[in-house]
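Read through the structure below, which is laid out as structure tokens, and then see the notes.
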Amino acid sequence: MIKFLVSILLIALLSFVCGLFLPWWTIGVAAFVVSALIPLKPLHAFFAGFLAIFLLWGGLAFGIDQQNNSILSAKIAAILPLGGSVIALILVTAFVGALVGGGAAITGAFLKAAR
Amino acid sequence: MRIVPFLISLFLTTGLIICLNRQWGDLKKTPVLGSFLSPQHGFWQNAEAVGTDFSGSVTLPGLAGKGDVYFDEYLIPHVNANSEADACYIQGYLHAKFRLWQMEFQTFAASGRLSEVLGAGKDDSYLKYDRSMRRLGMVTAAQASLAEMEKDSNSKKDCDAYTAGVNAWISQLKESDLPLEYKLLNYKPEPWTNLKIALFIKYMAYDLAGGDNDFEMTNAKSFFSKEDFAKLYPAIQDSLDPIIPKGKRFLPPGFVPKAPATADSLYFNNPITVTDQELKPEKDNGSNNWAISGRKTLSHAPILCNDPHLSTNLPSIWYQMQIHTPDYNAYGVSFPGAPFIIIGFNDDCAWGITNAGRDVRDYYSIRFKDETRREYWFNGNWKPAVLRVDTIKIKGEAAFYDTVATTDLGPVMFDPTYTGYSDIASSRSYAVRWKAADTSNELSTFSRFQSIRNYNDYKEALQTFKCPGQNFVFADKAGEVAIRQEGIFPAKWKGQGLYVMPGEDSSYVWQDTIARDENPYMILDTAGDRGFVSSANQEPADSTYPYYLGSDFPIYRGLIINRILNNMNSITPADMMKMQTDNFDVFAEMARPLLLKNIDRSKLNDKATAWLNTFRQWNLINNPGEQGPVIFKYWWSQLLKEILDDEFSKTSLALHTPHESTVLEALLKDTAWSFIDNVNTPEKETLGQVVTGAFLKIVPKLQQDEKDDHITWAKNKDTWARHLLRLPALSRTHLPIGGGVHCINAAKQFHGPSWRMIVQLTSKTEAYGVYPGGQSGNPGSPYYDTFIDSWASGRYYPLWVMAQDEIKDKRVKWVMHFNK
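Structure below.
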């Protein structure tokens, strides 16, 4: 359990740092590296990666949206199209990132298991 | 050993990333979803925190001295710079900081590069747009203008500084900082150049002086009899109230253009038709301006008003600012994409602009030797054409190569390889002669405007202004009030350029230009004059003006403006606010008696009678909640159909619909106007029949609109401040504003008063203004649409000309310091 939580924390942290300087998909690299270093069962690794990015992206988006009074998110949610639902936009944001994070993390776990 | 699951998950995850790292879709492409959604890279980064601190300090190489920018609560910058060049530098930086995407996009449009970022479009519409702009010669015109601008050391210095300012902003941008639209469309800004400034100015020239109806008129001339043609397209309108009041004595012309000997046979009576279809700017790009002598104002100081009518785009075409240097203190609106205040005032004078709308774009029929278009017949010889190949990049597709020939008469706009927006193949070729393609330095006029102190400075400043021809209204604190129609206009013989001209020899070229002193102007002097000058895109002078002016001018706004001003005294800025937002429909005032007199009430059922009563009782004011304007709009347009469609639909050729004023004046004069009769029926229809018939036809539509809550004027007209990409989500839709095309408050659906300004030139200037937008071009900023609601409801903001000692004023919200 501790390893699971540490993984989530590290993936989120490393992804955040990568995101400051590197392209968006480096969240995948971050999740892959962390789960290759910290051994978890593959399915657990998937959830760790998934949750880490879900929380990171969802949290960041939510925070930004709060500060912005949803001025922009309401417009983007109408373009994308999500019927103008800001919550849906935040969830989609979180989910898309989470899928990449989860996929990368399980790949890392399989690599670890392969050694 | 988990090699297989490893490979599978590696494959799936990489696949997912690849899928999220590209655009999807054919015509309308999705953003790159991965980066677009990433809160650290994508659109979330454009969600500007409410209460963002815009204060800061920037060090910019290339700045000559220090500069300070004080932002007020509306994010309007009050710039304090040490020199004109530094002011341009800082202005470039601010334009880029708040409006980068729009300013670059507009220059892409100007240079025919929309396909590069948007793809070819539905039915190749963007590609056609690009080919039109390039064939018209926008890029070569901008290059020529740039060369002229750079010959003037001041203009060059100012443009260099402005460009450096824009690039100082661009060069420090990270991916996450890019304006939202770049992320939506997946591209990046290029470095800014002086050429882009010239391109933007040419774009305005296209928008304001790029219109003509030469093809439609050529067709009409060939399709209608001489008598019918004269009835449908008369040279002058009876109710015209010109910019220069009737009765002014003009001197004989300095140059008398002579029609060629072949004009009758090869031009006026030559029954050719054209199927090619032009790209045209918005036809109602116009404006109102007027300036009132102190004799008619309460303060005894002149008042100047201006509201340019342009597309009500978001981000707005205007960016409001104050620019202070040791030489001048100017306030007003600027164009993101060019330096200086374009419409505004300084400590001594105020100036405003409306479009002259003169026809400066003409076509010549070109005979090429063969389809290679290498040689054309000119002055009795086969003359080599200059061929150039334009490479038009298209997003997601191979580039398109357009071979364009240029002749002595101008670039070839249409030929067998390009028919414009028409689908009909054509073997003919037409070269275009466009005044804006000539070299000029319009920027120098605005550079001088910043510091004009009196009428002579203003007149001097206008000496370099060539195209697009504009009506420049002027007033100063010494009490001088004037208007000048300025620009270089070709001196045309009567009817020249109304139709496509023969292009086989030089006899049909523009022979000379009208000398500047002969351009129509009016200076208020003392008692005896009417006490104001005004313009609203109507014909500048009546038929006593010694040059041919063409005949495509709207008249109604000019009528109502002059009527109101004639009847008004002790005028205050508050009166002017009421006047600029006046929704009275003078066209309806003139048309309604005709309609009411001729409708046969016995043919109406109860419902129809009720609608007629609503129309009859309407106060002729196009206010948002009125139903009268909707009934009138439907009735009049249906009446036009009843009267004209039977004749006009007998041909598939493109024809120009006659002006509303033409039809109305004809019907008022002659109730048996020949077009009233429906040529498809044996009986001879009367005016009463068509007026009644038209009304009966619109009743079901009115009933339906009432059901759909679409029957009140604002809802029916549906004015938007529309994003340049036409995305409703980024636009402000369904604005509750009245007015209309014939009202002073000329708000149409996507077009209208783009900046309302009132300046009273008392010793301390008192000015008001509002535009349908906001200072930030970022749809994620609270300042994206700041002024729109006030604009729609007719409210104004006092324009604060910040004084040097007001640094500590509580209206200053943020300060940016610029250091070298």
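Sequence order for the protein chains is E and X.
Quick note on numbering: my numbering labels position 83 of the first sequence as 83, and the sequence is numbered without any gaps.
Offset between the second sequence (1-based) and my numbering: plus 115.
By construction, the Cβ of each residue, glycine as well, lies at the ideal position given by its N, Cα and C atoms.
Can you tell me whether C582 of chain X is helix, strand or coil according to DSSP? coil
Selected residue, minimal CA-CA separation from A540 of chain X, among X:P531, X:A546, X:V547, X:R548: X:P531
Counterpart residues of M616 of chain X in DSSP-defined beta bridges: X:Y479
Say yes only if the C-beta of R137 of chain X is nearer than 8 Å to one or more non-hydrogen atoms of the ligand PLP, and no if none qualify. Annotation note on the ligand PLP: not contained in the displayed structure, which lists no ligands.
Assign F455 of chain X to one of three DSSP states: helix, strand, or coil. coil
Find the residues of chain X that neighbour F121 of chain E, judging by a C-beta separation of less than 7 Å, and give them in chain order. There is no way to answer for residue 121 of chain E, as the model of chain E reaches only from 1 to 115.
Endpoints, alpha helix (DSSP H) assigned at V232 of chain X: 229-233
Any Cβ of chain X within less than 9 Å of the Cβ of P23 of chain E? yes
Please report whether the beta-carbon of S431 of chain X lies at a distance below 9 Å from any beta-carbon of chain E. no
Cα separation between V885 of chain X and M872 of chain X? 7 Å
G673 of chain X - DSSP class collapsed to helix/strand/coil: helix
M332 of chain X burial status per 10 Å Cβ neighbour count (16 or more: buried): buried
Quick one, which residues of the stretch 89-107 of chain E are near chain X if we go by CB-CB under 8 Å, in chain order? V92, T93, V96, G97, L99, V100, G103, A104, I106, T107
For H193 of chain X versus M692 of chain X, is the C-beta distance shorter than 9 Å? no
Considering only the beta carbon of each residue, do V34 of chain E and S73 of chain E sit closer than 9 Å? no
Straight-line Cα distance separating W828 of chain X from W159 of chain X: 38 Å
Member of X:V519, X:C582, X:R707 whose CA lies at the smallest distance from the CA of R246 of chain X: X:V519
Any beta carbon from chain E within less than 9 Å of Q160 of chain X's own beta carbon? yes
Using a Cβ-Cβ distance cut-off of 9 Å, determine whether P887 of chain X contacts chain E. no
With distances taken Cα to Cα, identify the nearest neighbour of L719 of chain X among X:P897, X:R645, X:G803, X:A552. X:G803
Per the contact definition of three or more C-beta pairs closer than 8 Å, is the stretch 593-602 of chain X in contact with the stretch 635-644 of chain X? yes
Does G131 of chain E come within less than 9 Å of chain X when only Cβ atoms are used? Past the edges of chain E, shown from 1 to 115, lies residue 131 of chain E, and the structure says nothing about it.
Per DSSP, what are the beta-bridge partners of K499 of chain X in this structure? First, the residue type needs correcting, since residue 499 of chain X is Pro and not Lys in the sequence shown. In the DSSP output, where bridge partners are listed per residue, P499 of chain X has X:E490.
Can you pull the chain X neighbours of S73 of chain E, defined as C-beta to C-beta under 7 Å? A162
Chain E contact residues for T427 of chain X, given Cβ-Cβ distances below 8 Å: Residues of chain E passing the Cβ test: none, with the nearest at roughly 18 Å.
Assess, as a yes-or-no matter, whether the stretch 211-231 of chain X is touched by the stretch 492-502 of chain X under the definition of 3 or more beta carbon pairs within less than 8 Å. no
Test: I11 of chain E CB closer than 9 Å to a CB of chain X: no
For I873 of chain X, which beta-bridge partners are listed by DSSP? X:C420, X:Y883
Exposed or buried, which one is G63 of chain E when buried takes at least 16 other CB atoms within 10 Å? exposed
Is there contact between the stretch 810-819 of chain X and the stretch 741-755 of chain X, where contact requires at least three CB pairs shorter than 8 Å? yes
Short Cβ contact (9 Å threshold) for S449 of chain X with R488 of chain X: no
Using the Cα positions of I936 of chain X and A202 of chain X, report the straight-line distance between them to the nearest angstrom. Residue 936 of chain X is absent from the model: chain X starts at 116 and stops at 935.
Considering only their Cβ atoms, is the gap separating G325 of chain X from I629 of chain X smaller than 9 Å? no
Kindly confirm or deny that the stretch 210-229 of chain X and the stretch 444-462 of chain X touch, where touching means at least three C-beta pairs closer than 8 Å. yes
Simplified DSSP state of M116 of chain X, which is helix, strand or coil: Model confidence at M116 of chain X stands at a pLDDT of 47, short of 50, so the residue's coordinates are unreliable; what they give is reported in the following sentence. Here M116 of chain X sits in coil by DSSP.
I'd like to know whether the C-beta atoms of N470 of chain X and S555 of chain X end up nearer to each other than 9 Å. no
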